[in-house]
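**Q** Let me begin by handing over the structure; questions about it come next.
There are 2 protein chains.
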Amino acid sequence: MHTTTDILLALFIVYVAAQVGAEIAQRLRFPAVVGEIAAGAVIGPSVLGWVHVSEPLEMLSEIGAVLLLFAVGLETRVGDLKRVGKAATLVGVSGVIFPFVMGALWARYAGFETPKAMFIAAAFVATSAGITARVLQEMGVLNRTESRVILGAAVIDDILAMLLLGVVTALQGGGSVNVVGLLLVLAQAVAFIVVITLFGTTFMRKSSMLLESPINPLSPLTLSLALTLGLAAAAAHLGLAAIIGAFLAGMIAAESQQRHTLERQIQAIMSFLVPFFFVVTGAKVDLSQLAGLPALGMLAMVTLLAVVSKLIGCGLGALSLGRKSALIVGVGMVPRGEVGIIVASLGLAAGVFTGMTYAVIIAMSLITSIIAPPVLSALLAGMPKEEASPLDEETSHLIPVEETGHHGQRHRRKE
Amino acid sequence: MHTTTDILLALFIVYVAAQVGAEIAQRLRFPAVVGEIAAGAVIGPSVLGWVHVSEPLEMLSEIGAVLLLFAVGLETRVGDLKRVGKAATLVGVSGVIFPFVMGALWARYAGFETPKAMFIAAAFVATSAGITARVLQEMGVLNRTESRVILGAAVIDDILAMLLLGVVTALQGGGSVNVVGLLLVLAQAVAFIVVITLFGTTFMRKSSMLLESPINPLSPLTLSLALTLGLAAAAAHLGLAAIIGAFLAGMIAAESQQRHTLERQIQAIMSFLVPFFFVVTGAKVDLSQLAGLPALGMLAMVTLLAVVSKLIGCGLGALSLGRKSALIVGVGMVPRGEVGIIVASLGLAAGVFTGMTYAVIIAMSLITSIIAPPVLSALLAGMPKEEASPLDEETSHLIPVEETGHHGQRHRRKE
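Protein chains in written order, with the numbering used here: chain A, -8 to 406; chain B, -8 to 406.
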């Protein structure tokens, strides 16, 4: 058992490190999350050794990840998903297939067994909608066609990545790939997601009605938090990632009439808990693992693959918009951010890969999140901020504008 | 180590139990906190056994208590304290002395050693401002003189109780009472509180200025949370209760210009984390400890003492307001609520007393919180809602009205 003083001191150090890291990153025009993870690596065992990742810290980190994905889900409306245009769908799907296949082929070639190779490939897949949306917002170009396609595709991408993550997680149990097993796992994941999403919408509408009754003053916030913990536990129990459950809870809560109140409240909770996730993530990176030539070689290869596979996959999907627009879309989809990091944490926790692979995937997620924003800014510079678009009707509901964030930083800017 | 599924499931059960308990309590017109603690006792080992208090749950509970006391501090302005009228001061001080002396004498007589007897007596002292304020608010009588005196006295009471708690906690180290040691501990506690409060105010004003600079977009929320964790850790390190540090952090944050934004944000965070504190508190009560005749006798005695000592202490202090008003003030100060419970948790954690004493103090805190509201309602029924008062100027800054709460429930009513 740890003493109260030890625990509170660790929480204090982690929280302050997160804020200092975020602040430095923002001043250097990097996403805040980059600074938080770097802060974790600095205060963790591999540099200063101020904080060791104990069970209570792990739990806070897990809760942080769950809340983060809940918030991402909260930006995703089932109704909007149905209205997503062809371009966004094409970009989203092709932006999952290319990185996954290229990642899996490389990992298999690099000597990983097929289930592990698929897990590693899953980290290549997801796009961090938050980082790109924030860049688009800061550039004032959220109304451009490219921005809408990126945001729409990122949503599809996230869902496919979640599904894929569930499948590859469940696959780690058995050593060999078994098509029937794969289909069963897939069916289970799809059934869970579809059933929860459909019934959840109905449930949330009923709850909204209850809320208006003065006898039953349950708040949307407490209902949503209970739902999030429940679906996260259920997803974990089914062998899916807990964050998939949290993401579904977010999509369900997005149907609530009190969605905007909820977003403000969740942002406050997140600004307390999400930093623990990123700092603990960073503290788990053993920097010495990246020191050798093999690790640096692997990092260069993995990062190159991650960038190229997204550029090709998403760029091809967006080719109908013109070449420059396709390039913008491709670059916008490059950041892996927190989703890649979550996959890496799950892989480490499940014993799927070693410290070096974990360190490489975290570093790749960071590097893609760091290099994409300046390139995107350069490509967008001087372009008109708005543009009449044939996709308007299809995707205009998809733009979360100010609320795309999954983090407390947005708060800071606003206040 | 616990698996992710186990931890998330435990969090889900605890959180849902808290909401169900709070809802049932509110429908029965009891404070929500009573329902949350009862829910903890039901799902805990002594009844259903659905949840066991593991280290991660303990930590969440500790964080919940820290946030709760931060919020109580946030309602307390140093400037307002200076303007508190004579009546409130008299009621506050006399309402601390009577219960502490009577409690300590009884506990000493009941066979506890002096340091332990003083610790038990500390649980007799504090008033739960939240419960009474909520009753006054629901009755629409917050502008009456009695209400203002109660709220002002509760603030003084809380500070004296915090100080006392720090002293008795530090005293548990040595077995015997040593006047020099006692004075040193007192001096240390007072110095910590005074220095932190004075410098804190200045610090917060500087931070507020920084906030307006666009280069440094640190938010009041993250600064306050960091301050809370830091002062809680510092207080714990000094041998004081961690919650004293959190309370001071709240008083400092109350000086911030963004106080109201902060209150809204903290309420959202609290509605997620504070229930863990109350449910875990309830889960630690071993109901079988209350089964025997000695325990029930002790409970009856302790509850009687707790009620009578506050009625006499506060009633005497408020006698200048007239006899009926003095009675109202006395009854309003009876609920021990969460502060008594926090003292009991600290006593159990420090090994100061056994399961039976813990169960008795928790039960006493609950019973006083349950019996006072209906009596207070009955005494106030039919009285005019407002009243010109000679204390207006002195105490009008002290009334937190809607914000007195330390809990998510208020939220629910509003939405």
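Backbone N, C-alpha and C define an ideal beta-carbon position, used for all residues, glycine too.
If you measure between the beta carbons of Val330/A and Ala152/A, is that distance less than 8 angstroms?
**A** One-based indexing of the first sequence puts residue 330/A at position 339. One-based indexing of the first sequence puts residue 152/A at position 161. For Val330/A and Ala152/A, yes; Cβs fall inside 8 angstroms.
**Q** Are the Cβ atoms of Ala145/A and Thr118/A separated by less than 8 angstroms?
**A** As a first step, residue 145/A must be located in the first sequence, where it is residue number 154. As a first step, residue 118/A must be located in the first sequence, where it is residue number 127. It is a contact, given that the beta carbons lie within the stated cut-off.
**Q** DSSP on Gly283/B, reduced to helix/strand/coil?
**A** Counting from one through the second sequence, the residue named residue 283/B turns up at place 292. Of the three classes helix, strand and coil, the one that applies to Gly283/B here is coil, per DSSP.
**Q** Anything in chain A within Cβ reach of Val158/B, meaning under 9 angstroms, just list it in chain order.
**A** The residue given as residue 158/B occupies position 167 in the second sequence. In chain order: nothing, as chain A lies at least about 18 angstroms away.
**Q** So, for Leu218/B: in the same chain, excluding its five sequence neighbours on each side, which residues have a beta-carbon less than 6 angstroms away from its beta-carbon?
**A** Within the second sequence, residue 218/B is the residue found at index 227, counting from 1. Answer for Leu218/B: Ala240, listed in chain order.
**Q** DSSP on Leu290/B, reduced to helix/strand/coil?
**A** Here residue 290/B refers to the residue found at position 299 of the second sequence. Three-state result, Leu290/B: helix.
**Q** Can you give me the C-alpha to C-alpha distance between Arg20/B and Ile362/B, rounded to a whole angstrom?
**A** Taking the second sequence and counting its residues from 1, the one referred to as residue 20/B is at position 29. Taking the second sequence and counting its residues from 1, the one referred to as residue 362/B is at position 371. For Arg20/B and Ile362/B, the distance between alpha carbons rounds to 11 angstroms.
**Q** Which stretch, first to last residue, makes up the alpha helix (DSSP H) that contains Arg99/A?
**A** Against the first sequence, residue 99/A aligns to sequence position 108. Taken as a continuous stretch (DSSP letters only), the alpha helix (DSSP H) holding Arg99/A covers Lys77 to Tyr100.
**Q** Measure the CB-CB distance between Ala426/B and Thr359/B and report whether it falls below 8 angstroms.
**A** The structure shown does not extend to residue 426/B, since chain B is modelled only from -8 to 406, so the question has no answer here.
**Q** Along the chain, where does the alpha helix (DSSP H) that runs through Gly55/A open and close?
**A** Along the first sequence, read from residue 1 onward, the residue named residue 55/A stands at position 64. Here the alpha helix (DSSP H) through Gly55/A covers Glu46 to Leu65.
**Q** With C-beta atoms as the reference, is Ser300/A less than 8 angstroms away from Ile332/A?
**A** Position 309 of the first sequence, counting from 1, holds the residue named residue 300/A. Position 341 of the first sequence, counting from 1, holds the residue named residue 332/A. It is not a contact, given that the beta carbons lie outside the stated cut-off.
**Q** Any beta carbon of chain B sitting closer than 8 angstroms to that of Ile6/A?
**A** Indexing the first sequence from 1 puts residue 6/A at position 15. Residue identity check: residue 6/A is Tyr in the sequence provided, not Ile. It does: the Cβ of Tyr6/A has a partner Cβ on chain B nearer than 8 angstroms.
**Q** Report yes if the CB atom of Ala372/B is closer than 8 angstroms to the CB atom of Tyr349/B, and no otherwise.
**A** Counting from 1 along the second sequence, the entry for residue 372/B is found at position 381. Counting from 1 along the second sequence, the entry for residue 349/B is found at position 358. No. Outside cutoff.
**Q** In whole angstroms, give me the CA-to-CA distance for Phe91/A and Ala1/A.
**A** For the purposes of this step, residue 91/A is taken as the residue at position 100 of the first sequence. For the purposes of this step, residue 1/A is taken as the residue at position 10 of the first sequence. The alpha-carbon atoms of Phe91/A and Ala1/A are separated by roughly 38 angstroms.
**Q** Quick one: Cα of Glu14/A to Cα of Leu310/A, how far?
**A** Working through the first sequence from its first residue, we reach residue 14/A at position 23. Working through the first sequence from its first residue, we reach residue 310/A at position 319. Each residue's alpha carbon lies about 38 angstroms from the other.
**Q** Excluding the 5 residues flanking Val11/B on each side, which residues of the same chain have their C-beta closer than 7 angstroms to its C-beta?
**A** Locating residue 11/B in the second sequence gives position 20, where the first residue counts as 1. Hits under 7 angstroms: Ala30.
**Q** Output needed in chain order: residues of the segment 28 to 60 of chain B with a Cβ under 7 angstroms from some Cβ in chain A.
**A** Taking 7 angstroms as the Cβ-Cβ cut-off against chain A, the residues of the segment 28 to 60 of chain B that qualify are Glu46, Pro47, Met50 and Glu53.
**Q** Closest by CA to Leu175/A, which one among Val158/A, Gly191/A and Val185/A?
**A** Here residue 175/A is taken as the residue at index 184 of the first sequence, counted from 1. It is Val158/A whose Cα lies nearest to the Cα of Leu175/A.
**Q** Within a Cβ cutoff of 8 angstroms, which residues of the same chain sit near Phe3/B, ignoring the five residues on either side of it in sequence?
**A** The residue given as residue 3/B occupies position 12 in the second sequence. No residues qualify anywhere along the chain.
**Q** Could you compute how far the alpha carbon of Gln179/A sits from the alpha carbon of Ala226/A?
**A** In the first sequence, the residue the question calls residue 179/A occupies position 188. In the first sequence, the residue the question calls residue 226/A occupies position 235. Going by the C-alpha atoms only, they are around 10 angstroms apart.
**Q** Residues in its own chain within less than 7 angstroms of Arg255/A by CB, not counting five upstream and five downstream?
**A** Residue 255/A sits at position 264 when you count from the first residue of the first sequence. Answer for Arg255/A: no residue qualifies.
**Q** Strictly below 7 angstroms CB to CB, what residues from chain A border Gly221/B?
**A** The residue labelled residue 221/B in the question sits at position 230 within the second sequence. Residues of chain A passing the Cβ test: Phe3.
**Q** Am I right that Pro5/B and Leu48/B are in contact with their C-beta atoms under 8 angstroms? What's the rounded C-beta distance?
**A** Translated into the one-based positions of the second sequence, residue 5/B becomes position 14. Translated into the one-based positions of the second sequence, residue 48/B becomes position 57. Here the sequence assigns Val to residue 5/B, which means Pro is not the residue at that position. Contact flag correct, Cβ pair sits at about 7 angstroms.
**Q** May I have the straight-line CA-CA distance separating Thr193/A from Leu287/B, to the nearest angstrom?
**A** Working through the first sequence from its first residue, we reach residue 193/A at position 202. Working through the second sequence from its first residue, we reach residue 287/B at position 296. Each residue's Cα considered, the two are about 48 angstroms apart.
**Q** Mapping the DSSP letters down to three states, classify Val158/A as helix, strand or coil.
**A** On the first sequence, residue 158/A is found 167 positions in, with the first residue counted as 1. In the structure shown, Val158/A sits in a helix (DSSP, three-state: H, G or I).
**Q** Can you tell me which of the three DSSP states Glu104/A falls into?
**A** Here residue 104/A refers to the residue found at position 113 of the first sequence. Coil at Glu104/A, not helix or strand.
**Q** Interface residues of chain A around Gln256/B at Cβ under 7 angstroms?
**A** Locating residue 256/B in the second sequence gives position 265, counting from the first residue. Those within 7 angstroms of Gln256/B in chain A are Ala259.
**Q** By the criterion of Cβ-Cβ separation under 8 angstroms, what are the contact partners of Phe190/A in chain B?
**A** Here residue 190/A corresponds to residue number 199 of the first sequence, with the count starting at 1. Within chain B, no residue comes near Phe190/A; the closest Cβ sits about 18 angstroms away, beyond 8 angstroms.
**Q** Taking the continuous alpha helix (DSSP H) assigned at Gln258/A, which residues delimit it?
**A** Stepping through the first sequence from its first residue, residue 258/A is reached at position 267. That run of the alpha helix (DSSP H) goes Arg250 to Lys275.
**Q** Three-state secondary structure (DSSP) at Val325/B?
**A** Residue 325/B sits at position 334 when you count from the first residue of the second sequence. Of the three classes helix, strand and coil, the one that applies to Val325/B here is coil, per DSSP.
**Q** The alpha helix (DSSP H) spanning Arg135/B covers which residue range?
**A** Start at 1 with the first residue of the second sequence, and residue 135/B comes out as number 144. Here Arg135/B belongs to no alpha helix (DSSP H), and DSSP marks it neither H nor E.
**Q** If you measure between the beta carbons of Leu51/A and Ala223/B, is that distance less than 8 angstroms?
**A** For this step, residue 51/A is matched to residue 60 along the first sequence. For this step, residue 223/B is matched to residue 232 along the second sequence. Contact flag unset, no.
**Q** Starting from the Cα of Gly46/B, find the closest Cα among Met109/B, Phe268/B, Leu318/B and Glu27/B and give me that residue.
**A** Indexing the second sequence from 1 puts residue 46/B at position 55. Residue identity check: residue 46/B is Glu in the sequence provided, not Gly. Closest option to Glu46/B, Cα to Cα, is Phe268/B.
**Q** Is the beta carbon of Val366/B closer than 8 angstroms to that of Val44/B?
**A** Start at 1 with the first residue of the second sequence, and residue 44/B comes out as number 53. Start at 1 with the first residue of the second sequence, and residue 366/B comes out as number 375. No, the pair does not count as a contact, with Cβ atoms beyond the cut-off.
**Q** Answer yes or no: do Gly221/A and Ser85/A have a C-beta to C-beta separation smaller than 8 angstroms?
**A** Reading the first sequence from its first residue, position 230 is the one you call residue 221/A. Reading the first sequence from its first residue, position 94 is the one you call residue 85/A. No, the Cβ-Cβ distance between Gly221/A and Ser85/A is not below 8 angstroms.
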